[in-house]
Each structure stands twice: as structure tokens, then as C-alpha cells.
């Protein structure tokens, strides 16, 4: 197959999928998930790519997607983790164990082959590293052909993607009908900042001064990584930063807060002081439009290296790896958070980050569809795949719905945070893309996803290997 034809097939699948993603049925749209189904249709009729190219593009798309997510949520990740990370990871662990328990019960009740059902489970939670770990454990322990595991994965994967999104829609229509999904901490930060503005303005009026407040974007590199308190703006200039918006999230303007390129700060002071602050901070959007590719590609390289490091656990014959999704995600979070403290420029515009994210998830879904479509119909019709789909639906939906009840009523999570957590606990990038569309006003879903993803990925891989070893 020529390179040109490969590009034509891939681009056509993505374009058609995006067009169909704009269509709504009964007010519901599956968004980017349509790319997956278009890929399956193309592959069924023989329009696919060479296996090695398909594998490379799929992993590249996934890396771009998760790296852009990490860059987006990294600046506010640790503050969010301290605020509720333990609670979120506890719920994600519960969801993983519910999925394992559901799979074990189905094996017992139906008598289905254990390795095949583990493949169905991996597809139902869209966890490719778990599939790879299960196949490797099967080969090492049994030496047989692991293709049955892959077939179980292939037939359950599409519904795993769609099922999670349908669960999100059902949860919103039943549990969150009257909820706005806003974040209390964010509202509290905003209320405190508004109070500070009123206090400063009242103080200025009592002294016969006219104070104004203005939003300024930090675009000068010399400010990147500086502590707010060390700059002493109020002392030397007569103006104060009372609010900081970073990566779509309001954060407190405290003396120990580290300023970063791209931060949008609200400044209060006299008009002359505001002008002086603009000169110091930059306030030039044009300078921020220049891409900082060093941090992106160096981070991807480091992330892939981290994801390839084997982690040995006593009692398990095969080492566990974070993979090409977990490694880049962790590195991107660390770089975007600690980079400014090390005087590294890690900022990228929202539009650039969104472009990378959309390209990544589109390529990933197209390749998954093109890969799963070969033999997809034959497996369903002639090899019992239809009942596997039903089993996969149970493994997908039951843990999600039970976890939603726990998250809503026990952990008191808002809708955006909950669906971001569920997407992360299912290691489901398409579900995150859907959640981000619902969460257009903030990054709550993305932050929750990134908070639980590393631990969840580790648990998914570990559980798949342990189940396989126990079944053989």
C-alpha cells in the first residue's frame, strides 16, 4: 500500500467521523466516538493500513492526546490532588475492583473461557496495556495462542467506549438533573477575590484615589517561575495581584504562588500603577503565540522512556509497565507543574493544546477502528462474539453506575469531576473527550482524569495479569 493511499484512508475516516459526530439522535451525540465506527466499517471492507503503520499511528495518537491532557491540567494538578486526590483515587480503585469482581462472577455463571473473558474485560474498560499484559502472561505460562484474548478485546472495545459515554448521559439525566456541576473551591476563590477588589476600592475612595482593576496576561519570560511575594508589587508599584487564572482554573494569589507564562492575573491599583504592571508582566498575546516545542518533544521522549521501565512486583512473573499512555501523562504533568520553578518555558496556548489533543484522539480512534474491523463481523456472527458484547456491556456499565452512586451520595462529587474520574478509571480517552465537551467552562473533568489515571493504569495492568495467572 502506498503512503498516499494510507493517508487518504486515515484522513477520510477521521473527516467522516467528525462530520457524523456533529449529528444528534434524540438530543444525544457520541462526538469523536464516530471515528471509531467509521474505522470499523472501512476495515470490514478491506480499506485499512499496514499492521506496523497502524500500530505506530495508534500509539502516536494516544501519546499526543495524553501528553496534551497532562500539559493542560499539570499547573493545577497537585493543588487539586491535595484537595481531593485521595478520595478520587479511592473511588477509582473501587471501580476497578468492581470490574474485576463482575468479570469473575460472569466467568463463574456462564462458564466462558477465562482468558477470553479477560480480553473482554480489557476491551470493556478500553485498556490496551491490560490486554498486552494478559496476553504476555498467557504466553509465558501456557505457551499457547493468545488470539482468543484479542478477539474478546476487539468485540467489546467499541461498546466499552460508547457504553461509558451512555453511562455519563444516564448519570446526568438521573443523578444530576438539578446540579450545575460547579466547583465549590473555585467559586470560593472567586468570591474571595471579589471581596478583595471591593475592599481595595473602598479603601481608595476613602483616601480620594481612583482605583481600577484589569486583567493582564503574563508574557515576559523573566517573570516565569517567580514567587508572587518576592516581586512586592504593592510596595514598589502600588498595585496588587488579587486573582490568577491558570489553565482555565482560578487559583489563590498568595505570596508563595509561583507565576507562570500564560497566567491571566487580575490587577488592582491606580491607573498609572496598572500601566507600570503591564510593562513588567508583558501583556502581549503575540509573544505567547510562539510555540515552545522543546518542552513538548523532550517531555514525550522522557515519558516514553518512563513508560517502558519494567516494575517488578514479588509474586508476579512478568514486570508491569506504565506504558505509552501512563508515562507521557505523568511526565507532562511534572513538566508543566515544576517547569516554571526550574525556569523552563512550558506554556502553550489553549488553541495549540486543543489542536494537539484533537489530532491525537482522532488518529488513535481511527486506528483502533481500522485495527478492530478486520474479522469483527465474523467474530460476532460465527464465533460467539455477540454474547461477548453483552458480557462486555455488563462489565462496562455495572461498575460505572455503582461508582456513580457512590461518588454522588457518599463522596459528594459534582458531575464534571465524577465523569472525569470515571473516564480515567476506565482509562478511556474518548470518554474524556466527551467529558471535556460537557465541561467546556472549566478543566474539572480533565483534572480528575489525570488525578486517577496513573494509579488506575497500574491497577488495570496488575489485575489483568493476576487474573490470567489465577485462571491458568
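In our numbering, the protein residues as written are 1 to 472. From the three backbone atoms N, C-alpha and C, an ideal C-beta is built for every residue, glycine too. On a predicted model such as this, the values are computed, not experimentally measured, just so you know.
- Rounded to whole angstroms, residue 251 and residue 285 show a C-alpha spacing of 21 Å.
- If you look at residue 246, you'll find it in the beta strand (DSSP E) that goes 239-246.
- The beta carbons of residue 283 and residue 363 sit no closer together than 8 Å.
- By alpha-carbon distance to residue 257, the top candidate from 243, 40 and 269 is 243.
- Nearest in C-alpha terms to residue 307, of all of 289, 332 and 294, is 332.
- Apart from sequence neighbours up to five positions away, the residues of its chain that approach residue 393 with a beta-carbon distance below 7 Å are 159 and 163, ordered along the chain.
- As summarised for the segment 348-403, the continuous alpha helix (DSSP H) elements at least 4 residues long and confined to that stretch are 350-372 and 376-382, given in chain order.
- Contact between residue 100 and residue 388 does not hold, since their C-beta atoms are separated by about 17 Å, which reaches or exceeds 8 Å.
- Judged by pairs of C-beta atoms under 8 Å, the segment 15-24 does not touch the segment 407-425, as fewer than three such pairs exist.
- Under DSSP, residue 44 shares a beta bridge with no residue.
- For residue 217, there is no enclosing alpha helix (DSSP H); the enclosing beta strand (DSSP E) covers residues 211-217.
- When secondary structure is reduced to three states using DSSP, residue 4 falls in the helix class.
- Within the segment 269-331, there are no complete beta strand (DSSP E) runs of at least 3 residues.
- In the three-state reduction of the DSSP assignment, residue 346 falls in the coil class, being assigned neither a helical nor a strand state.
- Only exposed fits residue 105, as fewer than 16 other CB atoms lie within 10 angstroms of its CB.
- Taking C-alpha positions only, residue 55 is separated from residue 154 by approximately 14 Å.
- For residue 125, the three-state secondary structure derived from DSSP is coil.
- Between residue 429 and residue 168 a beta carbon distance of about 14 Å is seen, past the 8 Å cut, so the two are scored as non-contacting.
- Rounded to the nearest angstrom, the Cβ distance from residue 274 to residue 264 is 15 Å, too far for a contact under 8 Å.
- Secondary-structure assignment with DSSP links residue 227 through a beta bridge to 258.
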